[in-house]
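The next block holds one structure in the form of structure tokens; read it before the comments.
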Amino acid sequence: MSKFLNATLFYALVFVIVGVSVFPFYYAVITSFKTGTALFEVDYFITKLDFSNYINVLSSPNFMRSVWNSVLIAASTVGFAMFLAVTASYALARVRFKGRGLLLICILAVSMFPQIAVLAGLFELIRALGIYNTPWAMILSYTIFTLPFTVWVLTTFMRDLPVEIEEAAIIDGATPWVIITQVFLPLMWPALVTTGLLAFIGAWNEFLFALTFTASESQRTVPVAIALLSGASEFEIPWGVLMAASVIVTVPLIALVLIFQRKIVAGLTAGGVKG
Amino acid sequence: MPSSPPSGMSSRHSLSAQRRRAAMWFLAPMLIALFCVAAWPLLRTIYFSFTNTTLTSLYDGKWIGFDNYLSYRKLSSGRVIWRGTLADPAWWNAVWNTVRFSVVSVALETVLGLIVALVLHQNFKGHGWVRAAVLIPWAIPTIVSARMWGWMLNDQFGIINDILLNIGLIETKIAWTANIETAMLAVLAVDVWKTTPFMALLCLAGLQMIPKDIYEAAKVDGVHPIRVFFKVTLPLLRPALMVAVIFRMLDALRIFDLIYVLTPNSKATKTMSVIARENLIDFDKFAYGSAQSTLLFALIAIFVSAYIWLGKVDLSGEHSK
């Protein structure tokens, strides 16, 4: 009897956890199919499929431009960070030198920087470089969180690779560059995919820099576009359109996270760094 | 090097010297990049905080010492007027909001994350689906979740009010995000919802590292499960928990996006990051905002050092190897 009760309580708990996790997104999907006065009735199920909000979002040139901006910025940031991080993490993981521990701590410290602390300085730098209100402003500034994160995770990963393979290469006379590109890189694909994905998500979601370093609607990234989407007044927020836009930008992320969930969990715990 | 290459001492030396030289070249681009986007802007922010720079004339600022932080003027009547951030009630309100938010949200997330992790650690049917479902809030961008919850918490047409009215918990509809009393609750709810999965994942990873035979032994000895949890699981989970808590705490102390979007301009939720950006960009008090940013940075730096020192947290992972 008590066993049965325990099982029931356990599944009730599971049900609550799943319900709370999924419901807000489910409700956004329901809302995204509603227009006009239907929005003001609370429904728990989809009553009718009306795609006009989606058509509205997908045919809005500004929103599609934001999606393109976000893709471009996130991809470039990740590519740039990866390029610098692979060689740097080799040095940090496999070469013994003085001050290595301190350097690692410094890199970790950078990832802990509150973004606001560098905002004023970055603003000046971006103005001086003449890249204010261009994607370059974001590509530059996002390096502050994508680079330490990728270096950190790749370093922990490389540290765990067996010494033997590297020794064999050294005996064959391979230079460090050859060791990285020929020996380690082929072994690192899983780690590269995970860190790349996590850094991509981080860049895709970033808000403070994107809000501060853009001025015109056509330069906005997706989070800024969604945050600033409003109607004629505060009381006329187009909730249906807003939810459709939210669903459109969230579905690819949820799909990616679910496909790669094992790798992501491994990457998060290796880095212990924020997602 | 654990094993030596075939040829003698001198070539081994030159080999490791060559490796160290290569390492420097590999590290240099990354260090230069980090200097440009992190160290330099930080130094400039700190510098600006000692000047009277404005947004429109970034280079015309004059050095004014600590005036942005604290200064006083004695009036002829003998009254003393204090000025600067440290004498600004709005700043202390933001400090209090930040601290309140961080402590409560991280505490709730730790407890709930641990519960979710303990559930996920069990073997049951549909385990994979539950884990996938738990990850969904984490996958949703913060801004999007702020907007989704903003709609659910809407005073007139929101589903939260509808549910609470139906089950009789409230009598009238509540403007959750606009009300001074409930705005912080709304922010906390959304943040806890959004970041508990992260906590749960880190806790789960910690749980999976605890050897199973400890539990077997406890079971054989007939120890009560709750006792096992507090005497075995929790102490062994401590290192993982300590790391998870500090990362969440750092995130919470610098929170900006959720509050900016969910409760715009609410005095009850404005945090240090929000008020600093407001001064920097919106109010054209660039130097004043820089001073507030610097203070937030100092607060976080002190907090992290104290935490690592007091908690003996091994963040670099060098010692566990």
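Line order of the protein sequences matches chains W and D.
Sequential numbering from 281 applies to the first sequence in this note's numbering.
Sequential numbering from 12 applies to the second sequence in this note's numbering.
We put the beta carbon where it would ideally sit given N, CA and C, even for glycine.
Quick caveat: nothing in here was measured; it's all calculated off a predicted structure.
Residue range of the unbroken beta strand (DSSP E) whose run includes residue i
| i | result |
| --- | --- |
| residue 539 (chain W) | Note, residue 539 (chain W): premise wrong, no beta strand (DSSP E); alpha helix (DSSP H) at 519-539. |
| residue 93 (chain D) | 91-94 |
Alpha helix (DSSP H) segment containing residue i, residue limits
| i | result |
| --- | --- |
| residue 283 (chain W) | 282-312 |
| residue 452 (chain W) | Run containing residue 452 (chain W): none; DSSP gives neither H nor E here. |
| residue 265 (chain D) | Per DSSP, residue 265 (chain D) belongs to no alpha helix (DSSP H) and is neither H nor E. |
| residue 224 (chain D) | 223-231 |
| residue 420 (chain W) | 415-439 |
| residue 334 (chain W) | 332-338 |
| residue 277 (chain D) | That residue, residue 277 (chain D), is in no alpha helix (DSSP H); it is neither H nor E in DSSP. |
| residue 189 (chain D) | It is not in any alpha helix (DSSP H) - residue 189 (chain D) carries neither H nor E in the DSSP assignment. |
| residue 503 (chain W) | 502-508 |
| residue 7 (chain D) | A question about residue 7 (chain D) goes unanswered here, because the residues of chain D that appear run from 12 up to 332. |
| residue 291 (chain D) | Segment: none, residue 291 (chain D) is in no alpha helix (DSSP H) and carries neither H nor E. |
| residue 364 (chain W) | 341-374 |
| residue 236 (chain D) | 236-239 |
Closer than 9 Å to chain D by CB, residue i
| i | result |
| --- | --- |
| residue 348 (chain W) | no |
| residue 485 (chain W) | yes |
| residue 387 (chain W) | yes |
| residue 282 (chain W) | no |
| residue 376 (chain W) | yes |
| residue 416 (chain W) | no |
| residue 300 (chain W) | yes |
| residue 553 (chain W) | Legend: pLDDT at residue 553 (chain W) = 42, less than 50; position of this residue unreliable, value from coordinates given subsequently. Yes, residue 553 (chain W) lies at the interface with chain D (some Cβ there is under 9 Å from its Cβ). |
| residue 497 (chain W) | no |
| residue 526 (chain W) | yes |
| residue 534 (chain W) | yes |
| residue 469 (chain W) | no |
| residue 297 (chain W) | yes |
| residue 541 (chain W) | yes |
| residue 548 (chain W) | yes |
| residue 395 (chain W) | yes |
Identified DSSP bridge partners for residue i
| i | result |
| --- | --- |
| residue 62 (chain D) | D:74 |
| residue 83 (chain D) | D:93 |
Below-9 Å beta-carbon distance, residue i vs any chain W residue
| i | result |
| --- | --- |
| residue 323 (chain D) | no |
| residue 44 (chain D) | yes |
| residue 271 (chain D) | yes |
| residue 14 (chain D) | Confidence in residue 14 (chain D) is poor, its pLDDT being 47 and thus under 50, which makes the residue's placement unreliable; the coordinate value appears in the next sentence. Taking Cβ atoms only, chain W reaches closer than 9 Å to residue 14 (chain D), which makes this a yes. |
| residue 317 (chain D) | no |
| residue 280 (chain D) | no |
| residue 75 (chain D) | no |
| residue 196 (chain D) | no |
| residue 78 (chain D) | no |
Whole-angstrom C-beta distance between residue j and residue i, which should lie under 8 Å
| i | j | result |
| --- | --- | --- |
| residue 361 (chain W) | residue 423 (chain W) | 6 Å |
| residue 520 (chain W) | residue 311 (chain W) | 6 Å |
| residue 109 (chain D) | residue 102 (chain D) | Not confirmed; about 11 Å, so no contact. |
| residue 365 (chain W) | residue 427 (chain W) | 6 Å |
| residue 121 (chain D) | residue 264 (chain D) | In fact, because the Cβ distance is near 15 Å, the residues do not count as touching under 8 Å. |
| residue 123 (chain D) | residue 48 (chain D) | Wrong, their Cβ atoms sit about 35 Å apart, outside the cutoff. |
| residue 79 (chain D) | residue 72 (chain D) | That pair is no contact at about 11 Å. |
| residue 429 (chain W) | residue 391 (chain W) | 6 Å |
| residue 334 (chain D) | residue 377 (chain W) | The first residue shown for chain D is 12 and the last is 332, placing residue 334 (chain D) beyond what the model contains. |
| residue 288 (chain D) | residue 308 (chain D) | In fact, because the Cβ distance is near 14 Å, the residues do not count as touching under 8 Å. |
| residue 297 (chain D) | residue 306 (chain D) | So it is not a contact: roughly 15 Å between Cβ atoms. |
Span separating the alpha-carbon of residue i from that of residue j
| i | j | result |
| --- | --- | --- |
| residue 190 (chain D) | residue 283 (chain D) | 20 Å |
| residue 303 (chain W) | residue 372 (chain W) | 44 Å |
| residue 25 (chain D) | residue 32 (chain D) | 10 Å |
| residue 553 (chain W) | residue 183 (chain D) | Because residue 553 (chain W) sits at a pLDDT of 42, beneath the cut-off of 50, its placement in the model cannot be relied upon, and the following sentence gives the value as read from the coordinates. One C-alpha to the other measures close to 42 Å. |
| residue 228 (chain D) | residue 244 (chain D) | 13 Å |
| residue 187 (chain D) | residue 173 (chain D) | 13 Å |
| residue 470 (chain W) | residue 221 (chain D) | 25 Å |
| residue 128 (chain D) | residue 200 (chain D) | 19 Å |
| residue 179 (chain D) | residue 197 (chain D) | 19 Å |
| residue 167 (chain D) | residue 323 (chain W) | 14 Å |
| residue 388 (chain W) | residue 522 (chain W) | 37 Å |
| residue 414 (chain W) | residue 45 (chain D) | 21 Å |
| residue 318 (chain W) | residue 165 (chain D) | 15 Å |
| residue 15 (chain D) | residue 384 (chain W) | Low confidence applies to residue 15 (chain D): its pLDDT is 44, below 50, so where it sits in the model is not reliable enough to give any reading. |
| residue 147 (chain D) | residue 526 (chain W) | 14 Å |
| residue 501 (chain W) | residue 309 (chain W) | 22 Å |
| residue 54 (chain D) | residue 94 (chain D) | 24 Å |
| residue 451 (chain W) | residue 459 (chain W) | 11 Å |
| residue 17 (chain D) | residue 27 (chain D) | Caution applies to residue 17 (chain D), whose pLDDT of 48 falls short of 50 and renders its modelled position unreliable; the model cannot decide the point. |
| residue 399 (chain W) | residue 516 (chain W) | 32 Å |
| residue 226 (chain D) | residue 433 (chain W) | 31 Å |
| residue 397 (chain W) | residue 487 (chain W) | 15 Å |
Contact with chain C by residue i, beta-carbon distance below 9 Å
| i | result |
| --- | --- |
| residue 305 (chain W) | This model lacks chain C altogether; the protein chains it does include are W and D. |
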